[in-house]
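Every number in our numbering is 1460 more than the matching position in the sequence shown, counting from 1. Step one of this worksheet: look at the structure below.
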Amino acid sequence: MVQGARWLKPLARTGYFARGMVYTIIGLFAVLAAIGSGENKDTKGALETLLGQPFGTVLIALLIIGLVSYAVWRLFQSVMDPDEHGTKPTGLAVRAGLLASAFTYTVLAFYALSLIAFSGSGGEGGGQSPAQYIAGFIGSRPVSLGLAAIFAGVAIAHWVKALKRKYADHLRASEEVMAYVHPISIAGLMARGAVFAILSVMLVFRGLTADDASGTPGIKEAMEFIQGLPFGAILLAAMGAGVIMFAAYSFAEAIWREINIEDA
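This is the structure in structure tokens:
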């Protein structure tokens, strides 16, 4: 075991809970948008919504702790490989995805911090978030197509994890509990995989048309794409429910996931 790494266990559980909170808000707003009572949100929009609630600054501060915790845990998973993904191409791909996840949630934590920093200034800080700076570099066709390939891989990984129930390998819960966790986890992972698949298609279209003006698509754009399809309201409501299931899966991981630091 990595010496002194016991603190990683509560850190990881805090992180999974924070991820669940973010996706709960995204899913709820997708359902509300489907019935005409709201608009779609992405991860940053979810944070902005949370800030607008009573004691929003306190809630965001707590969420920042969770997001940073999750980023640290993902970094540990990538570097130390406690889940034993190994060094074969598939294992390295998974670990690269974990590293990307660590980076993404670090950026999201910084964005949340910027919301608190500028919440009382009457503006939005007058500058770009780290994510916007990064998006500025994603303008060329090869990069768009490369991102599309990565998102497609992430989508497939989510679907395989759901259909083969690989998520259960890391959950330590009773059979009675797992009877509820299985359908929730499968629905949530399938839904999140679908979001990544849609983002992949959108990036392919962008790469082939060399459309740099539209910006890098995210969860909000994926939801809006679904909403624009035939029977879009029904599909969006279903997707929103699926995203809420992914949030519930995150909460299940916060409670029952095996945080394996002993073999790292």
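Positions of the beta carbon are idealized from the N, C-alpha and C atoms, including for glycine.
Quick check: the region 1682 to 1693 against the region 1625 to 1638, are there 3 or more CB pairs under 8 angstroms? no
If E1577 and I1524 are in contact, beta carbons under 8 angstroms, what's the gap, nearest whole angstrom? Here residue 1577 turns out to be Ala, not Glu, going by the sequence shown. That pair is no contact at about 11 angstroms.
Assuming G1526 and G1475 make a contact with CB atoms under 8 angstroms, what is their CB distance in whole Å? 6 angstroms
For R1451, the three-state DSSP class (helix, strand or coil): Past the edges of the chain, shown from 1461 to 1724, lies residue 1451, and the structure says nothing about it.
Alpha carbon to alpha carbon, what distance is there between L1558 and T1547? 14 angstroms
Determine, using beta carbons only, whether L1663 and F1706 come nearer to each other than 8 angstroms. no
Determine, for G1606, whether the minimum Cβ-Cβ distance to residues of chain B falls below 8 angstroms. In the structure shown, chain B cannot be found, because there is only a single protein chain.
Candidates V1539, T1517, T1564, F1563: closest to L1552 by CA position: Per the C-alpha coordinates, the member of V1539, T1517, T1564, F1563 positioned closest to L1552 is V1539.
Which residue wins for smallest C-alpha separation from Y1483, given the options A1472, R1652, E1636? Looking from the CA of Y1483, the closest CA among A1472, R1652, E1636 belongs to R1652.
Cβ separation of I1644 and A1622, assumed to be a contact under 8 angstroms, to the nearest whole Å: Not confirmed; about 11 angstroms, so no contact.
Grab me the residues of G1498's own chain with a C-beta within less than 7 angstroms of its C-beta, minus the 5 sequence neighbours each way, in chain order. F1489, L1492
Which residue's Cα is closest to the Cα of A1478: G1702, K1501, G1496, Y1530? Y1530
Please return the same chain residues whose Cβ sits closer than 6 angstroms to the Cβ of A1506, not counting the five positions on each side in sequence. Cβ within range, chain order: V1482, I1485, I1486.
Can you say whether G1533 is buried or exposed, counting buried as having 16 or more other CB atoms within 10 angstroms of its CB? Gly is not the amino acid found at residue 1533; the sequence shown has Trp there. Buried, since its Cβ has 16 or more Cβ neighbours within 10 Å.
Following the continuous alpha helix (DSSP H) through F1489, name the residue where it begins and the one where it ends. 1468 to 1494
How would you label L1468, buried or exposed, when you count the other beta carbons within 10 angstroms and need 16 or more for buried? buried
Between the alpha carbons of R1717 and E1544, how many angstroms are there, rounded? 15 angstroms
To the nearest angstrom, how far is the alpha carbon of I1495 from that of G1700? 11 angstroms
Does the beta-carbon of G1512 have 16 or more other beta-carbons within 10 angstroms, so that it is buried, or is it exposed? Taking a 10 Å sphere around the C-beta of G1512, we find fewer than 16 other C-beta atoms and assign the residue as exposed.
Can you tell me the Cα-Cα spacing of F1665 and I1616, whole angstroms? 19 angstroms
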